[in-house]
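Colleague:
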Amino acid sequence: MISFICPVCGLPLEDRGSLYCCKNRHSFDKSKYGYVNLLLSNQSSKKHHGDDRLMVRARKDFLSKGYYGFLLSKLSELCRSYLTPNACILDAGCGECYYSCGILADNPGFDFAGIDISKDALEYAAKRGAEFPLAVAGVFDMPFADNSFGCVINCFSPNAEKEYARVLKSGGILLRVVPLEDHLFSLKAVIYDKPYLHEKPQNDIGLLKLSDYAEIRKTLIIEDKEDISNLFKMTPYYYKTGAEDQNKVLDISRLETEAAFGIFIYTKEKE
Ligand SMILES: C[S@@+](CC[C@H](N)C(=O)[O-])C[C@H]1O[C@@H](n2cnc3c(N)ncnc32)[C@H](O)[C@@H]1O
Ligand SMILES: [Zn+2]
């Protein structure tokens, strides 16, 4: 089982049931959902962090319908082929743990941990049934010792390259999932007169070696207004758009759009 380190002094945190405690007696209560908040107030002055409740709930509802099941299957297959059956995996910026819970269901030997800066996301992760250690923490300053994980999953979350490299064991892998240029293009075309393409994904991570790259895509046919609304609300476009333009999407009852993902596989080279 993966253990967190104390965000104050860096010593390992021991799991004492309702709280975590280090040898220096810094202690952190678990929430009623089971996750622990390891974000110190001096690490951020903001009251709310990461994705808010509306976005998190929309994503949870949309993902639960299986539209991105093809990405989950691909990640599960990659974990199986690259990792040992009992590998330690960190889901960094785990959201509601759709991917980590799904990978674990397929491969019950894996030892998972998840962090996200949004409490709302972790509440829904617990409700999804994530039973592995979960903490509110930022990916740029993670509560784990060096060389802890065989794999870090960075799925649409910020790219904290240095931290991912630090917590990976040598020979460990980073699975980085990014949207491809035409991802959800037809959704954008409903809102914008001149929809733009996503930026071309970059593959330059200096500290880790790019070992492999895969692209997967699927045309989504969504014939449920609520699912269309949830997909829209899990993207930034909903939040950047005024009510009139939002209604262009919220009023339609059928959407055919492409989902397209790039998966970079980086390796921490053996020293
Ligand atoms: C697009 S969501 C992806 C969630 C999940 N990986 C998935 O694919 O379903 C990005 C997640 O990163 C989290 N996040 C944003 N900034 C973060 C940071 N600095 N540290 C940790 N998590 C962060 C958000 O709260 C959100 O849950
Ligand atoms: Zn401590």
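Residue numbers (our numbering): 672 to 942. Heads up, the beta-carbon is just placed ideally off N, CA and C, and yes, glycines get one too. Everything numeric in this text was worked out from a predicted model, so none of it was measured.
1. Tell me, please, whether the CB atom of C768 is closer than 8 Å to any CB atom in chain B?
2. Start and end of the beta strand (DSSP E) containing R888?
3. Please state whether the Cβ-Cβ distance between K904 and I862 is less than 8 Å.
4. Check the DSSP bridge columns for A625 and list the partner residues they point to.
5. So what's I923 in DSSP terms, helix, strand or just coil?
6. Cβ of C680 within 7 Å of any heavy atom in ligand 2?
7. Can you tell me the Cα-Cα spacing of E894 and P829, whole angstroms?
8. Locate the beta strand (DSSP E) running through P683, then write down its first and last residues.
9. In three-state terms, what does DSSP make of K904?
10. Tell me, please, which residues DSSP counts as bridged to I676.
11. For H719, is the classification buried or exposed, using 16 other Cβ atoms within 10 angstroms of its Cβ as the cut-off for buried?
12. Which partner residues does C693 have in the DSSP bridge list?
13. Which of helix, strand or coil does DSSP assign to Y753?
14. Taking 7 Å as the cut-off, does the CB of R730 come closer than this to any heavy atom belonging to ligand 1?
Modeller: Result, derived from the coordinates:
1. Among the chains of the structure shown, chain B does not appear; only one protein chain is present.
2. 880 to 893
3. no
4. As shown, the chain starts at 672 and ends at 942. That puts residue 625 outside it, with no answer to give.
5. coil
6. yes
7. 31 Å
8. Segment: none, P683 is in no beta strand (DSSP E) and carries neither H nor E.
9. helix
10. P683
11. exposed
12. Paired residues: none, contrary to the question.
13. helix
14. yes
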